[in-house]
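Trainee: Each residue of the sequence shown is one higher than the one before, counting from 1 in my numbering. For each residue, glycine too, the CB sits at the ideal point set by N, CA and C. One structure is given below, represented as C-alpha coordinates, and several questions about it will come after.
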Amino acid sequence: MVRCALVNTKLRGGCMKTDINESLKVLAPVGSLRVAIAVGSAVSAVWTTRDAETGEPRGPTVDLARLIAARIGAPLTLVEYPSSGAIIAAASTGAWDVSFTPVDAERKQVVDFGPNYFLGESTYMVPAGSSIRGIEDVDREGVRVYGVENTATIRSARKSLTNTTAVGLSNLEDALERFRNGEVDALALGKESLQSLLSQFPGARMLDGHFHATGTAVAVPKGHTKALEVFSSIIEELKSDGIIRKIFNAHGMEAATVAPVGSRS
1 MVRCALVNTK LRGGCMKTDI NESLKVLAPV GSLRVAIAVG SAVSAVWTTR DAETGEPRGP
61 TVDLARLIAA RIGAPLTLVE YPSSGAIIAA ASTGAWDVSF TPVDAERKQV VDFGPNYFLG
121 ESTYMVPAGS SIRGIEDVDR EGVRVYGVEN TATIRSARKS LTNTTAVGLS NLEDALERFR
181 NGEVDALALG KESLQSLLSQ FPGARMLDGH FHATGTAVAV PKGHTKALEV FSSIIEELKS
241 DGIIRKIFNA HGMEAATVAP VGSRS
(Lines of atoms letter the chains of each structure in order from A and count residues from 1; the text may use other names and numbers.)
(Lines give C-alpha, C1' and ligand atoms only; values in the text may rest on other atoms or scores of the structure.)
Protein backbone atom coordinates (compact mmCIF):
# COMPACT_ATOMS: atom_id res chain seq x y z
CA MET A 1 0.00 0.00 0.00
CA VAL A 2 1.12 3.57 -0.68
CA ARG A 3 0.81 4.54 2.96
CA CYS A 4 3.46 1.99 3.90
CA ALA A 5 5.80 2.82 1.04
CA LEU A 6 8.17 5.00 3.03
CA VAL A 7 8.69 2.72 6.00
CA ASN A 8 8.07 -0.83 4.73
CA THR A 9 6.74 -1.90 8.13
CA LYS A 10 3.45 -3.79 8.06
CA LEU A 11 1.17 -5.62 10.42
CA ARG A 12 -1.22 -8.33 9.34
CA GLY A 13 -4.03 -5.82 9.07
CA GLY A 14 -2.02 -3.18 7.20
CA CYS A 15 0.22 -0.28 8.22
CA MET A 16 1.03 0.64 11.77
CA LYS A 17 -0.56 3.93 12.76
CA THR A 18 2.84 5.44 13.54
CA ASP A 19 4.06 4.42 10.09
CA ILE A 20 1.17 6.23 8.43
CA ASN A 21 1.81 9.35 10.46
CA GLU A 22 5.51 9.34 9.62
CA SER A 23 4.74 8.83 5.93
CA LEU A 24 2.30 11.72 5.87
CA LYS A 25 4.89 14.00 7.47
CA VAL A 26 7.02 13.47 4.38
CA LEU A 27 4.24 13.55 1.79
CA ALA A 28 2.05 16.26 3.34
CA PRO A 29 4.15 18.03 5.99
CA VAL A 30 1.49 20.63 6.89
CA GLY A 31 -1.26 18.04 7.26
CA SER A 32 -2.94 18.47 3.89
CA LEU A 33 -1.47 17.58 0.51
CA ARG A 34 -0.74 20.89 -1.23
CA VAL A 35 -0.90 20.39 -4.99
CA ALA A 36 0.20 23.27 -7.21
CA ILE A 37 -1.93 23.77 -10.32
CA ALA A 38 -1.89 26.24 -13.21
CA VAL A 39 -5.22 28.03 -13.69
CA GLY A 40 -5.93 29.72 -17.00
CA SER A 41 -8.28 29.80 -19.97
CA ALA A 42 -7.40 26.48 -21.59
CA VAL A 43 -7.66 22.85 -20.57
CA SER A 44 -4.63 20.64 -21.06
CA ALA A 45 -2.53 18.08 -19.23
CA VAL A 46 -1.19 21.06 -17.24
CA TRP A 47 -3.69 23.90 -17.46
CA THR A 48 -6.97 23.99 -15.58
CA THR A 49 -9.95 26.29 -16.06
CA ARG A 50 -12.61 27.49 -13.65
CA ASP A 51 -15.98 25.79 -13.51
CA ALA A 52 -18.59 28.22 -14.80
CA GLU A 53 -20.96 27.48 -11.93
CA THR A 54 -18.72 26.93 -8.92
CA GLY A 55 -15.65 28.93 -9.87
CA GLU A 56 -13.49 26.03 -8.73
CA PRO A 57 -10.57 24.81 -10.88
CA ARG A 58 -11.27 21.82 -13.09
CA GLY A 59 -9.02 19.77 -15.33
CA PRO A 60 -6.83 16.68 -15.44
CA THR A 61 -4.40 17.91 -12.79
CA VAL A 62 -7.25 18.55 -10.36
CA ASP A 63 -8.45 14.99 -10.87
CA LEU A 64 -4.92 13.66 -10.38
CA ALA A 65 -4.54 15.73 -7.22
CA ARG A 66 -7.72 14.28 -5.75
CA LEU A 67 -6.69 10.73 -6.56
CA ILE A 68 -3.22 11.13 -5.04
CA ALA A 69 -4.58 12.75 -1.89
CA ALA A 70 -7.07 9.90 -1.52
CA ARG A 71 -4.36 7.28 -2.05
CA ILE A 72 -2.16 8.67 0.73
CA GLY A 73 -5.10 9.45 3.04
CA ALA A 74 -4.58 13.21 3.30
CA PRO A 75 -6.94 16.15 2.78
CA LEU A 76 -6.29 18.12 -0.40
CA THR A 77 -5.36 21.78 -0.78
CA LEU A 78 -5.09 23.18 -4.31
CA VAL A 79 -2.47 25.93 -4.59
CA GLU A 80 -3.25 28.06 -7.64
CA TYR A 81 -0.72 29.72 -9.96
CA PRO A 82 -1.10 31.60 -13.27
CA SER A 83 1.28 29.26 -15.16
CA SER A 84 3.57 26.28 -14.82
CA GLY A 85 6.46 28.72 -14.77
CA ALA A 86 5.03 30.38 -11.67
CA ILE A 87 4.70 26.95 -10.04
CA ILE A 88 8.38 26.25 -10.65
CA ALA A 89 9.35 29.70 -9.38
CA ALA A 90 7.63 28.94 -6.07
CA ALA A 91 9.22 25.50 -5.64
CA SER A 92 11.81 26.68 -3.13
CA THR A 93 9.32 28.60 -0.97
CA GLY A 94 7.70 25.57 0.64
CA ALA A 95 4.28 26.59 -0.67
CA TRP A 96 3.46 23.27 -2.34
CA ASP A 97 4.25 19.56 -2.00
CA VAL A 98 3.67 18.13 -5.47
CA SER A 99 2.74 19.38 -8.92
CA PHE A 100 2.56 18.41 -12.59
CA THR A 101 4.53 20.38 -15.21
CA PRO A 102 6.31 19.95 -18.53
CA VAL A 103 9.92 18.86 -18.14
CA ASP A 104 12.94 20.81 -19.34
CA ALA A 105 16.58 21.17 -18.32
CA GLU A 106 16.13 24.54 -16.62
CA ARG A 107 13.36 23.22 -14.39
CA LYS A 108 15.43 20.24 -13.32
CA GLN A 109 17.67 22.68 -11.47
CA VAL A 110 14.93 23.51 -8.96
CA VAL A 111 12.55 20.52 -8.96
CA ASP A 112 12.86 16.76 -9.22
CA PHE A 113 10.68 15.01 -11.79
CA GLY A 114 9.15 11.57 -11.66
CA PRO A 115 7.68 9.65 -14.60
CA ASN A 116 5.83 11.37 -17.41
CA TYR A 117 2.07 10.97 -17.50
CA PHE A 118 1.63 12.88 -20.77
CA LEU A 119 3.66 13.32 -23.95
CA GLY A 120 2.92 16.63 -25.60
CA GLU A 121 3.88 18.92 -28.43
CA SER A 122 3.71 22.68 -28.83
CA THR A 123 2.89 24.65 -31.95
CA TYR A 124 1.38 28.00 -32.91
CA MET A 125 -2.14 29.35 -33.31
CA VAL A 126 -2.54 32.03 -35.97
CA PRO A 127 -5.52 34.37 -36.41
CA ALA A 128 -8.13 34.29 -39.16
CA GLY A 129 -6.77 35.50 -42.48
CA SER A 130 -3.15 34.94 -41.54
CA SER A 131 -0.70 34.30 -44.38
CA ILE A 132 1.30 32.01 -42.09
CA ARG A 133 0.83 28.44 -43.34
CA GLY A 134 3.50 26.47 -41.51
CA ILE A 135 5.80 26.67 -38.54
CA GLU A 136 8.66 27.74 -40.79
CA ASP A 137 6.66 30.83 -41.79
CA VAL A 138 6.63 32.04 -38.18
CA ASP A 139 10.40 32.53 -38.18
CA ARG A 140 10.35 35.69 -40.26
CA GLU A 141 11.30 39.24 -39.42
CA GLY A 142 8.39 41.22 -38.03
CA VAL A 143 6.23 38.24 -37.02
CA ARG A 144 4.84 38.93 -33.56
CA VAL A 145 5.15 35.76 -31.49
CA TYR A 146 3.73 35.57 -27.98
CA GLY A 147 3.42 32.95 -25.26
CA VAL A 148 3.49 32.54 -21.49
CA GLU A 149 6.74 33.49 -19.76
CA ASN A 150 8.85 30.89 -17.91
CA THR A 151 7.19 27.96 -19.65
CA ALA A 152 9.02 25.17 -21.46
CA THR A 153 7.08 26.15 -24.60
CA ILE A 154 8.25 29.78 -24.69
CA ARG A 155 11.85 28.73 -24.05
CA SER A 156 11.73 26.27 -26.96
CA ALA A 157 10.09 28.86 -29.20
CA ARG A 158 12.93 31.29 -28.51
CA LYS A 159 15.53 28.64 -29.25
CA SER A 160 13.89 27.77 -32.57
CA LEU A 161 13.44 31.36 -33.80
CA THR A 162 16.34 33.15 -35.47
CA ASN A 163 14.66 35.96 -37.41
CA THR A 164 12.13 37.11 -34.83
CA THR A 165 11.66 36.81 -31.08
CA ALA A 166 9.02 35.32 -28.80
CA VAL A 167 7.57 37.61 -26.14
CA GLY A 168 6.51 35.98 -22.88
CA LEU A 169 3.61 37.36 -20.84
CA SER A 170 2.91 36.66 -17.19
CA ASN A 171 -0.29 34.69 -17.80
CA LEU A 172 -2.33 33.10 -20.56
CA GLU A 173 -5.20 35.58 -20.22
CA ASP A 174 -2.94 38.47 -21.26
CA ALA A 175 -1.69 36.54 -24.27
CA LEU A 176 -5.24 35.68 -25.36
CA GLU A 177 -6.37 39.28 -24.95
CA ARG A 178 -3.59 40.45 -27.24
CA PHE A 179 -4.46 37.72 -29.73
CA ARG A 180 -8.09 38.83 -29.62
CA ASN A 181 -7.04 42.44 -30.23
CA GLY A 182 -4.97 41.58 -33.29
CA GLU A 183 -1.61 42.18 -31.61
CA VAL A 184 -0.34 38.60 -32.04
CA ASP A 185 0.64 36.87 -35.28
CA ALA A 186 1.47 33.51 -33.69
CA LEU A 187 0.60 32.25 -30.21
CA ALA A 188 2.93 29.55 -28.85
CA LEU A 189 1.21 26.95 -26.69
CA GLY A 190 0.71 23.22 -26.22
CA LYS A 191 -1.50 21.56 -28.82
CA GLU A 192 -4.16 20.43 -26.35
CA SER A 193 -4.47 23.96 -24.99
CA LEU A 194 -4.72 25.44 -28.47
CA GLN A 195 -7.32 22.88 -29.49
CA SER A 196 -9.50 23.92 -26.56
CA LEU A 197 -9.12 27.60 -27.49
CA LEU A 198 -9.87 27.50 -31.22
CA SER A 199 -13.63 27.82 -30.77
CA GLN A 200 -13.11 31.19 -29.07
CA PHE A 201 -11.43 32.63 -32.16
CA PRO A 202 -13.42 32.03 -35.36
CA GLY A 203 -11.14 31.38 -38.31
CA ALA A 204 -8.03 30.86 -36.19
CA ARG A 205 -5.84 27.91 -37.13
CA MET A 206 -3.44 25.63 -35.28
CA LEU A 207 -0.33 24.99 -37.36
CA ASP A 208 0.63 21.42 -38.21
CA GLY A 209 3.82 19.98 -36.82
CA HIS A 210 5.58 21.18 -33.69
CA PHE A 211 8.60 23.14 -32.50
CA HIS A 212 8.67 21.58 -29.03
CA ALA A 213 8.03 18.10 -27.66
CA THR A 214 8.50 16.86 -24.12
CA GLY A 215 6.94 14.90 -21.32
CA THR A 216 4.77 16.33 -18.58
CA ALA A 217 5.54 14.73 -15.25
CA VAL A 218 4.87 14.67 -11.55
CA ALA A 219 7.25 17.07 -9.77
CA VAL A 220 8.39 17.85 -6.24
CA PRO A 221 10.70 20.54 -4.84
CA LYS A 222 14.37 19.65 -5.23
CA GLY A 223 15.58 17.04 -2.77
CA HIS A 224 12.18 15.63 -1.73
CA THR A 225 13.29 12.18 -2.85
CA LYS A 226 11.17 9.98 -0.60
CA ALA A 227 7.99 11.85 -1.45
CA LEU A 228 8.78 11.62 -5.15
CA GLU A 229 9.13 7.85 -4.91
CA VAL A 230 5.59 7.55 -3.57
CA PHE A 231 4.03 10.03 -5.99
CA SER A 232 5.85 8.36 -8.89
CA SER A 233 4.51 4.96 -7.89
CA ILE A 234 0.97 6.31 -7.82
CA ILE A 235 1.32 7.92 -11.25
CA GLU A 236 2.63 4.69 -12.76
CA GLU A 237 -0.32 2.79 -11.26
CA LEU A 238 -2.80 5.33 -12.65
CA LYS A 239 -1.27 4.95 -16.10
CA SER A 240 -1.19 1.17 -16.11
CA ASP A 241 -4.76 0.97 -14.79
CA GLY A 242 -6.02 3.21 -17.61
CA ILE A 243 -7.21 5.88 -15.19
CA ILE A 244 -5.18 8.72 -16.71
CA ARG A 245 -6.58 7.81 -20.12
CA LYS A 246 -10.09 8.11 -18.68
CA ILE A 247 -9.25 11.46 -17.06
CA PHE A 248 -8.02 12.89 -20.36
CA ASN A 249 -11.09 11.63 -22.20
CA ALA A 250 -13.39 13.14 -19.57
CA HIS A 251 -11.90 16.55 -20.32
CA GLY A 252 -12.24 16.28 -24.09
CA MET A 253 -8.62 15.23 -24.63
CA GLU A 254 -9.22 11.98 -26.48
CA ALA A 255 -6.24 12.67 -28.77
CA ALA A 256 -3.82 13.32 -25.90
CA THR A 257 -0.99 10.80 -25.57
CA VAL A 258 -0.65 9.07 -22.22
CA ALA A 259 3.03 8.39 -21.57
CA PRO A 260 3.90 4.70 -21.36
CA VAL A 261 4.89 3.20 -18.02
CA GLY A 262 8.54 4.01 -17.31
CA SER A 263 8.62 7.07 -19.57
CA ARG A 264 10.86 9.89 -18.31
CA SER A 265 12.13 13.08 -19.89
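Find out if the Cβ-Cβ distance for the pair V126, A204 is shorter than 8 angstroms.
Mentor: In this structure, A204 lies closer than 8 angstroms to V126 by Cβ.
Trainee: Since S99 sits in a beta bridge, which residues does DSSP pair it with?
Mentor: A36, A219
Trainee: Got a sec, what are the start and stop residues for the alpha helix (DSSP H) R71 sits in?
Mentor: 60-72
Trainee: Secondary structure at G252, three-state DSSP: helix, strand or coil?
Mentor: coil
Trainee: Which runs of the alpha helix (DSSP H) at least 4 residues long sit entirely within the region 111-153? Give them in chain order.
Mentor: 135-138
Trainee: Taking the DSSP output, what are the residues bridged to T49?
Mentor: Here T49 is bridged, per DSSP, to R58.
Trainee: Using a 10 Å radius around the Cβ and a threshold of 16 neighbouring Cβ atoms, would you call S99 buried or exposed?
Mentor: buried
Trainee: With DSSP as the reference, label P85 as helix, strand or coil.
Mentor: Here the sequence assigns Gly to residue 85, which means Pro is not the residue at that position. In this structure, DSSP gives G85 a helical state, which the three-state scheme calls helix.
Trainee: Please report how far the alpha carbon of P221 lies from the alpha carbon of G129, in whole angstroms.
Mentor: CA-CA distance, P221 to G129, rounds to 44 angstroms.
Trainee: Compare the beta carbon distance of S232 and P115 with 8 angstroms and say whether it is the shorter of the two.
Mentor: yes
Trainee: Specify the secondary structure class of R155 as computed by DSSP and reduced to three states.
Mentor: helix
Trainee: By DSSP, does L161 sit in helix, in strand, or in coil?
Mentor: When DSSP states are grouped into helix, strand and coil, L161 belongs to the coil group.
Trainee: Just to confirm, is the Cβ distance from V39 to L76 under 8 angstroms?
Mentor: no
Trainee: What's the gap between the Cα of N163 and the Cα of W47?
Mentor: 30 angstroms
Trainee: Am I right that A188 and S122 are in contact with their C-beta atoms under 8 angstroms? What's the rounded C-beta distance?
Mentor: 6 angstroms
Trainee: Does V184 come out as helix, strand or coil in the three-state DSSP assignment?
Mentor: The three-state reading of DSSP puts V184 in coil, since its state is none of H, G, I, E or B.
Trainee: Take the Cβ of K246 as the centre, count every other Cβ of all protein chains shown within 10 Å, and call the residue buried at 16 or more, exposed below.
Mentor: exposed
Trainee: Would you kindly work out how many angstroms separate the C-alpha atoms of R133 and L207, rounded to a whole number?
Mentor: 7 angstroms
Trainee: Does E106 come out as helix, strand or coil in the three-state DSSP assignment?
Mentor: In the structure shown, E106 adopts coil according to DSSP, grouped into three states.
Trainee: By the three-class DSSP mapping on this structure, what secondary structure does A227 have?
Mentor: Look at A227 here: in three-state DSSP terms it is helix.
Trainee: Over what stretch of residues does the beta strand (DSSP E) that includes L207 continue unbroken?
Mentor: Counting along the chain, L207 falls outside any beta strand (DSSP E), and DSSP gives it neither H nor E.
Trainee: Any contact between the region 165-184 and the region 210-218? By contact I mean 3 or more CB pairs, one from each, below 8 angstroms.
Mentor: no
Trainee: DSSP three-state call for V26: helix, strand or coil?
Mentor: helix
Trainee: Just to check my reading of the structure: S170 and E149 have Cβ atoms closer than 8 angstroms, yes? What is that Cβ distance to the nearest angstrom?
Mentor: In this structure S170 touches E149 by the C-beta definition: roughly 6 angstroms separates them, less than 8 angstroms.
Trainee: Does DSSP put A175 in a helix, in a strand, or in coil?
Mentor: helix
Trainee: Please name the residue in P57, S44, W96, S41 whose C-alpha comes closest to that of A219.
Mentor: W96
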